[in-house]
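Written out below as structure tokens is the structure these notes cover.
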Amino acid sequence: MHTALILAGGLGKRLRPLTYRIPKPMIKVGGKPIIFWQLELLKKHGVRNVVVLAGYKAGAIIDAIGDGSSIGMNVLYSVEEEPLGTAGAIRKAFGLINTDTFYVLNGDVITNIDLTLLREKLDKTGTLVAMAAVPLTSPYGILVIDEDHVVDFKEKPVFEDIWINAGIYIMRREIESYLPRKGNLEDQVFPELARNRKLAVQKYPGAFWRSIDSHKDVEEVDKILKTKPPL
């Protein structure tokens with residue numbers, strides 16, 4: 228049985244005023260809250276045990292999901308009294324993890340990446356963590372220029388040779404010794420793992436992946452999901 232943690236404790240400041248009422252993972256995109264897209268992805272890949280690492284307005288998430296029985300999952304909660312950062316939140320929840328490996332998902336990501344490939348990469352490399360990576364999509368349209376003239380426009384192109392952290396990982400329990408009580412994975416844990424070759428990567432060149440960070444993201448992804456859901 229596989230376990231997953233969903234990082235859902237952030238304030239979502241860039242999505243105010245929406246997040247004055249609800250936490251970011253509860254914002255509806257494509258007809259349902261972001262976190263429900265994530266639960267569907269996890270369930271599709273055989274994950275039934277989920278721990279939601281909540282904080283800001285945690286009650287809204289707990290009320291919506293409950294114990295997970297209505298969606299065929301077992302959901303527990305680790306609630307922060309104060310912001311602990313991504314690494315601190317995981318450390319706090321360790322007592323609720325009963326498997327040797329576990330997935331971790333940022334609570335603002337909607338994607339269809341194959342989680343099974345990520346688990347296989349961890350097994351193959353023997354590292355402590357395997358990270359999902361997706362190609363960088365430019366946030367802007369770019370100009371194609373020939374000397375003094377603009378000759379073409381490319382709207383938000385994908386750079387296939389530049390990779391970014393997708394905010395989705397699989398970790399071994401041994402990661403606990405690297406986790407601070409307060410702090411973030413991105414600047415306090417992953418750099419050390421990378422230096423020691425304990426951080427593997429699985430690339431997803433053709434996957435659908437969007438992080439919901441702004442009102443524009445909500446509008447754009449809402450249109451995509453209502454037209455052609457990726458999951």
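Heads up, the sequence shown is in my numbering, so the first residue is 228 and it goes up one at a time. Idealized CB from N, CA, C, for every residue including glycine. None of these values were measured; they are calculated from a predicted model.
Buried versus exposed, by CB contacts within 10 Å (16 or more), residue i
i	result
Leu370	exposed
Tyr330	buried
Ala231	buried
Val385	exposed
Gly319	According to the sequence shown, residue 319 is Lys rather than Gly. By the 10 Å Cβ count, Lys319 comes out buried.
Thr338	buried
Arg437	buried
Pro432	exposed
Asp327	exposed
Ser375	Residue 375 is actually Asp in this sequence, not Ser. Burial call: exposed.
Pro244	exposed
Gly257	buried
Asp414	exposed
Ile372	exposed
Leu235	According to the sequence provided, residue 235 is Ala. The question's Leu does not apply to it. Buried, by the Cβ-count rule.
Minimum C-alpha distance to residue i - residue among the options
i	options	result
Glu419	Glu347, Arg275, Ser404 and Leu323	Ser404
Leu242	Lys450, Thr454, Leu452 and Ile439	Ile439
Gly237	Phe435, Ile402, Ile397 and Asn333	Asn333
His229	Ser296, Lys271, Pro252 and Lys255	Lys271
Val279	Val306, Val256 and Glu374	Val306
Gly282	Glu347, Gly257 and Glu308	Glu308
Lys351	Pro362, Ile397 and Asp373	Ile397
Thr246	Glu446, His442 and Val448	His442
Ala291	Ala427, Pro252, Arg399 and Asp414	Pro252
Val336	Ile372, Asn392 and Ala427	Asn392
Ser297	Gly322, Ile324, Thr326 and Glu267	Glu267
Leu323	Arg424, Ile233 and Arg346	Ile233
Asn325	Lys450, Pro244 and Arg399	Arg399
Pro250	Lys240, Ala421 and Pro407	Lys240
Asp388	Ala360, Ile254 and Asp444	Ala360
Glu446	Arg248, Ile254 and Ala235	Ile254
Pro260	Ile395, Asp449 and Ile372	Asp449
Lys348	Lys453, Phe417, Ala427 and Arg422	Ala427
According to DSSP, residues forming a beta bridge with residue i
i	result
Asp327	Asp327 pairs with nothing; no bridge assigned.
Thr338	Trp436
Asp379	Val371
Met300	Note: Met300 sits in no beta bridge, so no partner.
Leu332	Ile233 and Ile395
Val445	Answer by DSSP bridge pairing: none, since Val445 is not bridged.
Leu242	In DSSP, Leu242 forms no bridge with anything.
Asn423	The partner list for Asn423 (beta bridge, DSSP) is empty, contrary to what the question assumes.
Leu280	Leu234 and Ser305
Thr313	Paired residue(s): none; Thr313 is not in a bridge.
Val364	Residue identity check: residue 364 is Thr in the sequence provided, not Val. BP columns for Thr364 point to Val385.
Ala359	Gln429
### Message
Closer than 8 Å is the cut-off here; do at least three beta carbon pairs connect the region 363–377 with the region 308–319?
### Response
Counting C-beta pairs with one atom in each stretch, the region 363–377 and the region 308–319 have fewer than three that are closer than 8 Å, which means they do not touch.
*Is there contact between the region 372–383 and the region 335–355, where contact requires at least three CB pairs shorter than 8 Å?*
Cβ pair count under 8 Å is below three, so no.
Query raised in the report: Are three or more beta carbon pairs between the region 295–312 and the region 261–276 nearer than 8 Å?
Result: Result yes; three or more Cβ-Cβ pairs closer than 8 Å.
Checklist entry - When the Cβ atoms of the region 282–301 are set against those of the region 348–360, are three or more pairs found closer than 8 Å? => result Cβ pair count under 8 Å is below three, so no.
Counting only runs that start and end within the region 242–266, where is the alpha helix (DSSP H) found for 4 or more residues in a row? DSSP runs (the alpha helix (DSSP H)) wholly in the region 242–266: 245–248.
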